[in-house]
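Protein chains in written order, with our numbering: chain A, 5 to 502; chain B, 6 to 143.
Taking it in order: structure first as structure tokens, then the write-up.
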Amino acid sequence: MSSEVGDKGLKKDAIGFLDGLVIGISSTAPAYSLAAVLAIVVVGVGVQAPAVMLVSFIPMFLIASSFFYMNRADPDCGTTFSWITRALGPGIGWVGGWAVVTTGILVIGSLAQVAAFYTFDLFGAEALRDSTLANVVFTLLIIAVMTTICVLGTELSAHIQRVMIFAQVGALLLFAVVALVKGGALTFSLSWISPFAVDSTNALILGVLTGVFIYWGWESAVNLNEETEDSNSAPGLAAIASTVILLGTYVVTTIAVVSYAGLDRVAGFEDDAGIFGALATDVLGSPLDKLVVLAIITSALSSTQTTILPASRTTLSMARQGAMPEAFGRVHPRFLTPHVSTITIGVVAAVWFGVLFPLSENFVYDSLTALSLMIAFYYALNGFSCAIYYRRELTKSVKNFLFIGVGPVVGGLILTGLFFKAIIEYSKTDQSYSGSALFGVAIPVVLGVGLLLLGVVLMLVWRFGGHRPFFGRGREIVDPDVASGLKLGVAAVPEQAV
Amino acid sequence: MGTIVLGYDASPGAERALDQAVELASAFGDRLVIGFGVHPPGLGGGEGTQHREALREQAVQLTGNALQRALAAGVDAEIALVDERPAEALTGLGEQHEARLIVVGSYGESPLRGAILGSTPHKLLHLSDRPVLVVPGG
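Below, the structure written as structure tokens:
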């Protein structure tokens, strides 16, 4: 029982490892993510799609390690922003935070729209499902409801999400097992999970670019930090465990889909996230097929919510460290949540989607391609930050060297490579849904690189508008006692920054 | 000398609860503990240090005003910021100080609205082993 002003004691039983695990998985929205990318990967690499799912996991796993250790040193809700600022300095930290917030804003509408689309589908309302207006209206409604829930800080969310996530993974695995037992177009062979069996390296790299997207979001389990029991290691462990569960689900489900439906049929869904809805009816029959549709709806809904949260917590942390207008750092006296941040994120996401979706659905799909670029950007920075922040600890043990140094750096290098490869490949207009280009460069690259550059510009504007306490901060290094586990990281912001 | 615990968040109900608590504390010659739960809510991810600090700063400001008013009325008073959700924070303070009673303000909204928004008085009535006085916001 802690009760004094200034007491840093944490509430220990707020949320356990299991909840961290659940939130890590539901933020990645496995059912939705797989539905969105499976066909694209199959078109690229054929039966080796499961191998791509495996290979995509490697950089993510390495970066998970950097989240784990940075969270141990600085369990702040600003995560990536706060960590990059400490290790690499305020300017680049600001852009890292910007990337986290922008990716959230870009994807919230698309997630909510998948929930809207499949809800119409579930109730057989085909006219509504195919109407742009109905989709936009329902999507905006979902964003509004989810934003409200985030402002109210409802205590139900962990329990609801626990049920939803088990239903989601359960439905996917049920579908996969039945499809495998029934058998179909192709027979599984071990070469499907061998990345070396992929014909061209280029196809493999492009597959991984897409595949990386499906593991995105799991770091929300780390964002829980102080909420969790044993806060300096449970969230990190939850993040790693959730990645392993995701890996299993993705590989098994991909094998099931490819073997059941065959390459041609899967390829038909390249521009369509409806793949599971269509296959589920064949595999499970009615009414069990509705389970899979429900899984996708819950997947999209829960991840709408768990995308708003980290974005708003990042702006909260940025505001309080003097990197954004003060209003974003305000908390509501009754609900105790950062209401200004949360509502702003919800409104901007709604406007982005509400304006662009009716104009061009393809543009919205292109914005999702742009996400891979921005995700690779801030994940890579995170990996490098970890090794730099801990640089004096790396030679103290083999474990430190491998997990804090080599792992995150290799992960960062892979993602940096993917970042530039993506710019080259996506610059070709045939890689874009809208097929259109600005200045001779395809939309996804214009968006991805453009938004990062906009971040740099805004950072400079903010910098030259004063705010010296933040921009005057020097680079820091981890406290050796925190690194060796003698002391808990408490994430104190340097005095001059407050 | 006994203790009275007050939950205070500067809402209209809380203002009236403060008046009531000060009156009772004077009458009994009790000490007043002004409590505020500063645990970040929402289990969906991303609650960390900065959020906690923001809540703490706000709590210090809000309860500070209440403290001044209580002291001005001649009541012995102190502030207690607790790293718990509001209802748990107040029951905990009640136990800790073996409080005579816990005083809170209500928002005066319908039970349904209270259930959706999360009503601290409602939770407190269920959680507390001690007498609870709920003062309507008017």
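In this text, a Cβ means the ideal position worked out from N, Cα and C, and glycines have one as well.
Indicate the three-state DSSP secondary structure (helix, strand or coil) for B/E100 in the structure shown. The answer is helix: DSSP assigns B/E100 an H, G or I state.
Please specify which runs of the beta strand (DSSP E), each continuous and at least 3 residues long, are wholly inside the segment 84-165 of chain A, giving them in chain order. Listed in chain order, there is nothing to give.
Could you tell me the boundaries of the beta strand (DSSP E) in which B/G78 lies? Residue identity differs from the one stated: residue 78 of chain B is Ala in this sequence, not Gly. For B/A78, there is no enclosing beta strand (DSSP E), as DSSP gives it neither H nor E.
Could you work out which residues of chain A lie near B/E58, taking near to mean beta carbons separated by less than 7 Å? For B/E58, the neighbours in chain A by C-beta distance under 7 Å run, in chain order, R324.
Extent of the continuous alpha helix (DSSP H) to which B/F33 belongs: First-last of the alpha helix (DSSP H) with B/F33: 17-33.
Suppose the cutoff is 7 Å on Cβ atoms and the five residues either side in sequence are ignored; what does the same chain contact list for A/D1 look like? This structure cannot speak to residue 1 of chain A, because chain A is shown only from 5 to 502.
Residues of the segment 71-86 of chain B in Cβ contact with chain A at a cutoff of 8 Å, in chain order, please. Taking 8 Å as the Cβ-Cβ cut-off against chain A, the residues of the segment 71-86 of chain B that qualify are I84, A85, L86.
Confirm the yes/no value for this check: CB of A/L398, any heavy atom of the ligand GDP, distance under 8 Å. As for the ligand GDP, it is missing from this structure, which has no ligand bound.
Does B/D14 come within less than 9 Å of chain A when only Cβ atoms are used? Taking Cβ atoms only, chain A reaches closer than 9 Å to B/D14, which makes this a yes.
Tell me which residues share the same chain as B/L138 and place their Cβ nearer than 6 Å to its Cβ, disregarding the 5 neighbours each side in the sequence. Excluding residues within five positions, the ones whose Cβ falls inside 6 Å are L106, V108.
Could you give the DSSP three-state label for B/F41: helix, strand or coil? Strand, per DSSP.
Would the beta-carbon of A/L176 fall within 9 Å of that of A/P34? Cβ distance < 9 Å, so A/L176 and A/P34 count as in contact.
DSSP three-state call for A/A446: helix, strand or coil? A/A446 falls in the strand class under three-state DSSP.
Taking DSSP as the reference, what is the three-state secondary structure of A/I218? The answer is coil: DSSP assigns A/I218 none of H, G, I, E or B.
Neighbour flag for A/D81 against chain B, beta carbons, 9 Å: A small correction: the amino acid at residue 81 of chain A is Cys; Asp does not occupy that position in the sequence shown. Put simply, the CB of A/C81 is near chain B, with a gap under 9 Å to one of its CB atoms.
Could you name the residues of chain B that A/P337 contacts, counting a contact when the two beta carbons are closer than 8 Å? Under the 8 Å cutoff, chain B gives D14, A15, S16, Q63, L67.
Secondary structure of A/A189, DSSP reduced to three states: In this structure, DSSP gives A/A189 a state outside helix and strand, which the three-state scheme calls coil.
Start and end of the beta strand (DSSP E) containing B/G110? Here the beta strand (DSSP E) through B/G110 covers 106-110.
Taking all protein chains shown into account, do 16 or more other C-beta atoms lie within 10 angstroms of the C-beta of A/F127, making it buried, or fewer, making it exposed? By the 10 Å Cβ count, A/F127 comes out exposed.
When you compare only the Cα positions, how much space is there between A/F381 and A/A189? In a straight line, the C-alpha of A/F381 is about 39 Å away from that of A/A189.
Residues near A/T143 in its chain [Cβ-Cβ closer than 7 Å; skip 5 each side]: Excluding positions up to five away in sequence, the list reads G113, A116, Q117, A120, F357.
Expressed to the nearest angstrom, what Euclidean distance is found between the alpha-carbon atoms of A/G333 and B/E62? So the two alpha carbons sit approximately 11 Å from each other.
Neighbourhood of B/G50 by C-beta distance below 7 Å, restricted to the same chain and skipping five residues each side: Low confidence applies to B/G50: its pLDDT is 41, below 50, so where it sits in the model is not reliable, and the reading given next is rough at best. Taken in chain order, the list of residues that qualify is empty.
Cross-strand partners of B/T68 (DSSP beta bridge): The partner list for B/T68 (beta bridge, DSSP) is empty, contrary to what the question assumes.
What span of residues does the alpha helix (DSSP H) with A/T302 cover, start to end? Going by DSSP, A/T302 is part of the alpha helix (DSSP H) stretching over 293-324.
I'd like to confirm the pairing. Which residues does DSSP put opposite B/R36 in its beta bridges? According to DSSP, B/R36 bridges with B/T8.
Would B/G42 pass as an interface residue toward chain A - the criterion being a Cβ-Cβ separation below 9 Å? So, interface residue.
So, do the segment 203-211 of chain A and the segment 50-64 of chain A have three or more beta carbon pairs nearer to each other than 8 Å? Yes, the segment 203-211 of chain A touches the segment 50-64 of chain A.
Quick one: give me the first and last residue of the beta strand (DSSP E) that B/L138 is part of. Taken as a continuous stretch (DSSP letters only), the beta strand (DSSP E) holding B/L138 covers 137-140.
With DSSP as the reference, identify every bridge partner of B/V87, one or two as the case may be. According to DSSP, B/V87 bridges with B/G42.
So if I threshold CB-CB distances at 8 Å, which residues from the segment 112-145 of chain A count as touching chain B? So the list is empty, because no residue satisfies the distance condition.
Assuming the contact rule is C-beta atoms closer than 8 Å, A/L320 and B/Q55 should be a hit. Round their C-beta distance to whole Å, please. Correct: roughly 6 Å between the Cβ atoms.
Would you give the residue range spanned by the alpha helix (DSSP H) that A/S371 belongs to? Secondary structure note for A/S371: its alpha helix (DSSP H) is the uninterrupted segment 365-393.
How about B/G123: is its C-beta nearer than 9 Å to some C-beta of chain A? Contact of B/G123 with chain A is assigned, a C-beta pair being separated by under 9 Å.
The alpha helix (DSSP H) with A/P199 in it runs from where to where? Per DSSP, A/P199 belongs to no alpha helix (DSSP H) and is neither H nor E.
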